[in-house]
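Asker: Residue numbers (UniProt numbering): 1 to 191.
Cβ coordinates follow ideal geometry from the N, Cα and C atoms, glycine included.
Since this is a predicted model, take the numbers as computed values, not measurements.
Given below as C-alpha cells:
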C-alpha cells in the first residue's frame, strides 16, 4: 500500500492573509502537542514538515499516528485544488444536475462535463474565477456551492498530513475556531 495524506482546505482564507493564518495554525498545533516544533525531512520528496507530536492522537479518529519515513504535517500557502484520487461526482447548486460516470472507463463523464473541469484548472492556473459553469443549465456557481463527492475544494490555504488517519470532528471544529470560524473541507486520499 502506498502513501496517503489527509488534506484540510480553508475555503475562506484570502490570499493576502494565508501566511499569517498558516503561522497561527502551526503555533496552535505545536502548543497542543499535535506536531513537534522543529522542521524535519518527514514529508515525501525534499519538503520539510513537522513530525507528529506527543499528543497527535488527539487530532485523529484512531488511537495513534503511526510513525514512518513520510509522516508529517505541512502547510500550503498557495492557490490549490484539493481533491481525492477517486472518481468524483459534482451536483450543480442551481439546477441539481449531476455528473454521471459512463459505463466505459473512470473518466468518461469528463467529456460532457469538461467545462467544469476547465473552470477548476483555470482557477488553479490563476486565470479563472472561483466558480464553475453547469453544462445543463448554464449557471455559474462558486465551487464551494457545488456538492462534490468525494470532496473537492479550491483554497489558498491548506493543511496536509502525510500518512495520518482521518481527523476527528472535535479537532476540526477547534481548527476552524483558530482560523476565525472559517469553513473547512477535508478528505483522505492515497497516492
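For residue 58, which of helix, strand or coil comes out of DSSP?
Answerer: In the structure shown, residue 58 sits in a helix (DSSP, three-state: H, G or I).
Asker: Going by DSSP, which residues form a beta bridge with residue 10?
Answerer: According to DSSP, which records beta bridges pairwise, residue 10 is partnered with 184.
Asker: Starting from residue 161 and walking both ways along the beta strand (DSSP E), at which residues does that stretch end?
Answerer: Per DSSP, residue 161 belongs to the beta strand (DSSP E) from 158–162.
Asker: Assuming contact is defined by CB atoms lying nearer than 7 Å, are residue 57 and residue 64 in contact in what I supplied?
Answerer: Taking 7 Å as the Cβ cut-off, residue 57 and residue 64 qualify as a contacting pair.
Asker: Sort 55, 11, 92, 152 by Cα distance to residue 139 and report the nearest one.
Answerer: Residue 139 has its Cα closest to that of 92, out of 55, 11, 92, 152.
Asker: State the DSSP-derived secondary structure class of residue 15, mapped to helix, strand or coil.
Answerer: Looking at residue 15 - three-state DSSP - the assignment turns out to be helix.
Asker: Hey, could you find the ends of the alpha helix (DSSP H) residue 38 is sitting in?
Answerer: From DSSP, residue 38 is part of no alpha helix (DSSP H); its letter is neither H nor E.
Asker: Just the Cα atoms here: how many angstroms apart are residue 125 and residue 34?
Answerer: Roughly 33 Å between the two C-alpha positions.
Asker: Starting from residue 141, trace the beta strand (DSSP E) in both directions and tell me its first and last residue.
Answerer: Run containing residue 141: 140–142, per the beta strand (DSSP E) assignment.
Asker: Could you check the C-alpha separation between residue 174 and residue 68 for me, to the nearest Å?
Answerer: Taking the straight line joining both Cα atoms gives about 26 Å.
Asker: Determine the direct distance from the alpha carbon of residue 171 to that of residue 116, and round the result to whole angstroms.
Answerer: Distance between the alpha carbons of residue 116 and residue 171 is about 32 Å.
Asker: Since residue 7 and residue 186 are thought to touch, with beta carbons under 8 Å apart, how far apart are those beta carbons, to the nearest angstrom?
Answerer: 7 Å between Cβ atoms; contact.
Asker: Under three-state DSSP, which class holds residue 209?
Answerer: The chain is shown from 1 up to 191; residue 209 falls before or after that span and cannot be answered.
Asker: Quick one: grab the DSSP three-state call for residue 115.
Answerer: Helix, per DSSP.
Asker: Could you tell me the alpha carbon to alpha carbon distance between residue 130 and residue 120, rounded to whole angstroms?
Answerer: About 8 Å.
Asker: Determine the extent of the beta strand (DSSP E) in which residue 178 is found, giving its start and end residues.
Answerer: No beta strand (DSSP E) holds residue 178; the alpha helix (DSSP H) holding it covers 169–178.
Asker: In its own chain, which residues sit with a C-beta less than 8 Å from the C-beta of residue 113, not counting the 5 before and 5 after it?
Answerer: Correct list, in chain order: 90, 99, 135.
Asker: Pull up the distance between the alpha-carbon of residue 4 and that of residue 176, whole angstroms please.
Answerer: Each residue's alpha carbon lies about 23 Å from the other.
Asker: Who are the Cβ neighbours of residue 97 in its own chain at under 8 Å, not counting the five residues just before and after it?
Answerer: Closer than 8 Å at Cβ, skipping near neighbours: 91, 134, 135, 136, 137.
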